[in-house]
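2 protein chains.
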Amino acid sequence: MTGDQERDVKRIEARAEAARTNLFGRMAAIYAASRKQAQDLLQVGGGISIVEWRTLWDLHEGGPMTIGDLALTQSTDHSQLSRALPQMRQKGLVSMRQAAQDGRQTIVSLTDRGREAYQCAMPIMGTRRACLGDVFTKAEMEELIGFLDRFEAFVRRPAKDILWKEEVE
Amino acid sequence: MTGDQERDVKRIEARAEAARTNLFGRMAAIYAASRKQAQDLLQVGGGISIVEWRTLWDLHEGGPMTIGDLALTQSTDHSQLSRALPQMRQKGLVSMRQAAQDGRQTIVSLTDRGREAYQCAMPIMGTRRACLGDVFTKAEMEELIGFLDRFEAFVRRPAKDILWKEEVE
DNA sequence: AATAAATACGTGACAAGTCATATATTTTCT
DNA sequence: AGAAAATATATGACTTGTCACGTATTTATT
Numbered sequence: 265m266t267g268d269q270e271r272d273v274k275r276i277e278a279r280a281e282a283a284r285t286n287l288f289g290r291m292a293a294i295y296a297a298s299r300k301q302a303q304d305l306l307q308v309g310g311g312i313s314i315v316e317w318r319t320l321w322d323l324h325e326g327g328p329m330t331i332g333d334l335a336l337t338q339s340t341d342h343s344q345l346s347r348a349l350p351q352m353r354q355k356g357l358v359s360m361r362q363a364a365q366d367g368r369q370t371i372v373s374l375t376d377r378g379r380e381a382y383q384c385a386m387p388i389m390g391t392r393r394a395c396l397g398d399v400f401t402k403a404e405m406e407e408l409i410g411f412l413d414r415f416e417a418f419v420r421r422p423a424k425d426i427l428w429k430e431e432v433e
Numbered sequence: 265m266t267g268d269q270e271r272d273v274k275r276i277e278a279r280a281e282a283a284r285t286n287l288f289g290r291m292a293a294i295y296a297a298s299r300k301q302a303q304d305l306l307q308v309g310g311g312i313s314i315v316e317w318r319t320l321w322d323l324h325e326g327g328p329m330t331i332g333d334l335a336l337t338q339s340t341d342h343s344q345l346s347r348a349l350p351q352m353r354q355k356g357l358v359s360m361r362q363a364a365q366d367g368r369q370t371i372v373s374l375t376d377r378g379r380e381a382y383q384c385a386m387p388i389m390g391t392r393r394a395c396l397g398d399v400f401t402k403a404e405m406e407e408l409i410g411f412l413d414r415f416e417a418f419v420r421r422p423a424k425d426i427l428w429k430e431e432v433e
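Line order of the protein sequences matches chains A and B.
Counting in our numbering, the first sequence runs from 265 upward without gaps.
Counting in our numbering, the second sequence runs from 265 upward without gaps.
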């Protein structure tokens, strides 16, 4: 009974080591670290948020687009943009207008001030990508992206599929 | 002027395609999907949260440990555990007591009910890992983990390092 | 021994995601 | 044309993660 209540450092270390090879757990920690690094960098690059940076970048590269386009490009929920865009408009970074052809859509465009904000953050975020390019060769990066494609396909499977599949076997 | 205000579908599609090879952006979307899948599965496996599942699992494998041990094993902030553990104790899943050797520490242990909750969720989460094993060979998985080790080392670099490095070059 | 520094944990505030639901506008069907 | 279905966006509620700061306890220093 008492033995079960004891803290066993070796056993705990073994557990931590096992966790290192758990892809799901690793993704959580790695993404959290990646996000924090981006936030820190953007603090230097004009004090904008990650969502704002993505939006400036997408609008700069893709030109004016709807909120749905932005959500699709960023693989995120449109609600995140619904919340961020009014603030960005207030800061003068983007302009928004109802689409002429389809009144449900909102067309978002970069303003001059938005372009300035992009130019301010871009070198910093570009440096980051350049540094990442020193960590992986082109071939390795392609391989990693390929792995991630497969992993993403897996995690997008509905929970049902995963449970059913095992039942059948 | 008007041209700049037009939504250009081809250009937007090109932007979305470019985003596919952006590791940072991909990580965000993939982890979000992974988390959602885990939440859905845990809904079936006893209705526990991800933090609760991790904690049950770690305690089951690693035995009684401190809150700090749990945070380290899960590579997460201790605050997350500080919030989750009182609820878990209230549900009767874990017991907590002040460490004898060090009064600052709290030793967390699995209760019988906690073991039951683990046994309930484990088959489902185990099935998930088994299914992932069908997606990657052992060698591929090792390679992927190796890539992630390197990526993690990169995203854990302080923002300063990344900016300074480029200045020097 | 007394003080200073480090450590463990609790808690408030926030960012970035998710979903569900509501509303306005289009599109489709009869 | 009118009704029904689909779509685009807004919004509230929630989870998972971060940091900063406060307090209690332990360890180190003088």
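C-beta: ideal position from N, C-alpha, C; glycine also.
Only a predicted model underlies this, so the values are computations on that prediction, with no experimental measurement involved.
Straight-line gap, residue i to residue j (C-alpha atoms, nearest Å)
i: A:Ala363; j: A:His324; result: 19 Å
i: B:Gly267; j: B:Thr285; result: For B:Gly267, the predicted model reports a pLDDT of 41, less than 50, meaning its position is unreliable and no value from the coordinates is stated.
i: B:Arg420; j: A:Pro387; result: 20 Å
i: B:Arg290; j: A:Gln269; result: 42 Å
i: A:Cys303; j: B:Ala423; result: Cys is not the amino acid found at residue 303 of chain A; the sequence shown has Gln there. Cα-Cα distance, rounded: 9 Å.
i: A:Thr443; j: B:Ala296; result: Outside the shown range of chain A, which is 265 to 433, sits residue 443 of chain A, and nothing can be said about it.
i: A:Ile294; j: A:Gln301; result: 11 Å
i: B:Glu416; j: B:Arg279; result: 26 Å
i: B:Ser373; j: B:Arg299; result: 25 Å
i: B:Glu316; j: A:Arg377; result: 45 Å
i: B:Asp322; j: A:Arg379; result: 48 Å
i: B:Leu225; j: A:Lys274; result: Nothing can be reported for residue 225 of chain B, as the shown portion of chain B is limited to 265 through 433.
Given residue i as reference, the closest of the options once Cα atoms are compared
i: B:Asp366; options: B:Gly332, B:Glu404, B:Ile409 and B:Ala292; result: B:Gly332
i: A:Leu357; options: A:Gly310, A:Phe400 and A:Asp413; result: A:Gly310
i: A:Leu349; options: A:Thr337, A:Leu336 and A:Ile371; result: A:Ile371
i: A:Ile312; options: A:Ala293, A:Ala394, A:Gln351 and A:Glu407; result: A:Gln351
i: A:Pro328; options: B:Thr401, B:Asp425 and B:Ile276; result: B:Ile276
i: A:Ala381; options: A:Thr340, A:Phe288, A:Thr319 and A:Leu396; result: A:Thr319
i: B:Ala283; options: A:Asp272, A:Thr340 and A:Val273; result: A:Thr340
i: B:Gly440; options: A:Arg368, A:Arg299, A:Arg271 and A:Trp321; result: Shown here, chain B extends from 265 to 433; a query on residue 440 of chain B therefore has no answer.
Proximal chain B residues relative to residue i, where beta-carbon distance stays under 9 Å
i: A:Ala293; result: Gln338, Ser339, Thr340 and Glu416
i: A:Arg353; result: By Cβ distance, chain B contributes nothing, its closest Cβ being about 15 Å from A:Arg353, past 9 Å.
Per-residue contacts from residue i into chain A (C-beta, under 8 Å)
i: B:Gly289; result: Arg318, Gln338 and Ser339
Residues that residue i contacts on chain B, provided the C-beta gap is smaller than 8 Å
i: A:Ile276; result: Gly326, Gly327, Met329, Asp333 and Thr337
i: A:Leu345; result: In chain order: nothing, as chain B lies at least about 14 Å away.
i: A:Ser313; result: Those within 8 Å of A:Ser313 in chain B number zero; the least Cβ separation is about 13 Å.
Proximal residues of chain A, C-beta to C-beta of residue i below 7 Å
i: B:Thr401; result: Going along chain A, no residue has its Cβ under 7 Å from B:Thr401, so there is no contact; the nearest lies around 11 Å.
i: B:Leu412; result: Arg290 and Ile294
Contact set between residue i and chain B, taken where Cβ atoms lie within less than 7 Å
i: A:Ala280; result: Leu336 and Thr337
Closer than 7 Å, Cβ to any Cβ of chain A: which residues of the region 355-382 of chain B, in chain order? Ile371 and Ser373
Is the region 294-308 of chain A in contact with the region 385-401 of chain A, if contact means three or more CB pairs nearer than 8 Å? yes
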